[in-house]
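These notes are about the structure you will find just below.
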Amino acid sequence: SWDNDLEDLANRQVLACNLSSEYKKAEVEKEYRDTIGINTADNLNVLNAMETWFNEYQLYDYTKNKCKVPKDCLHYKRIVWGSAEFIGCSTGHCSDLTEVKSGKIIVCYYSPMTAVDQSVVGICACFTDCFDIALSHKLFKQR
Numbered sequence: 019s020w021d022n023d024l025e026d027l028a029n030r031q032v033l034a035c036n037l038s039s040e041y042k043k044a045e046v047e048k049e050y051r052d053t054i055g056i057n058t059a060d061n062l063n064v065l066n067a068m069e070t071w072f073n074e075y076q077l078y079d080y081t082k083n084k085c086k087v088p089k090d091c092l093h094y095k096r097i098v099w100g101s102a103e104f105i106g107c108s109t110g111h112c113s114d115l116t117e118v119k120s121g122k123i124i125v126c127y128y129s130p131m132t133a134v135d136q137s138v139v140g141i142c143a144c145f146t147d148c149f150d151i152a153l154s155h156k157l158f159k160q161r
């Protein structure tokens, strides 16, 4: 379900124009009092961002339970994680002097998040749920 606290935390990262999936993670988890997963994209279109993250399934080796190239499928693993019950996202605009070259940023936080070294097989319901929640939320009407 949508979480306003996660939205607020994601918005802090948007305001910092930071694309890191580890941005102040320990500090955020302490404040939120639970584990989180962070996905970011260099655009404002939630549909494109979610599809890009989900399409990383092609980079995941289901038999070995890992990304074919280290860390190349972590966005995918975060959005399909079965334990994630809450999502909060934010979008914004950044100067072209930042790492956000398009000038547009989207950040989504998920919680709770367990270690991404566990298998994703059989836990893909979260993507559909999170995707529906994100699409229906007011945030994704362009600011």
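Under the working numbering, the first residue of the sequence shown is numbered 19, with each subsequent residue one higher.
All C-beta atoms in this analysis are idealised placements derived from N, C-alpha and C, irrespective of residue type, glycine included.
Fair warning: this is a prediction, and the values are worked out from it, not measured in the lab.
Would you mind sorting residue i into buried or exposed? The rule is 16 or more other CB atoms within 10 Å of its CB.
i       : result
Asp-21  : buried
Tyr-194 : Outside the displayed span of the chain (19 to 161) sits residue 194, for which this structure offers no information.
Arg-51  : exposed
If distances are taken between C-alpha atoms only, which option among the options comes closest to residue i?
i       : options                  : result
Asn-163 : Tyr-94, Ile-105, Val-64  : The displayed coordinates of the chain run from 19 to 161. Any statement about residue 163 would go beyond what the structure contains.
Glu-25  : Ala-44, Ile-56, Glu-40   : Ile-56
Cys-91  : Phe-104, Met-68, Cys-107 : Met-68
Among residues of its own chain, excluding the 5 on either side of residue i, which ones have a beta-carbon nearer than 7 Å to its beta-carbon?
i       : result
Val-118 : Cys-35, Leu-37, Asp-60, Cys-112
Thr-116 : Cys-35
For residue i, which residues from the same chain have a beta carbon less than 8 Å from its beta carbon, with the 5 sequence-adjacent residues on both sides left out?
i      : result
Asp-79 : Cys-85, Lys-86
Using DSSP's beta-bridge definition, name the partner residues of residue i.
i       : result
Cys-126 : Asn-57, Cys-107
Cys-85  : Tyr-78
Trp-71  : The partner list for Trp-71 (beta bridge, DSSP) is empty, contrary to what the question assumes.
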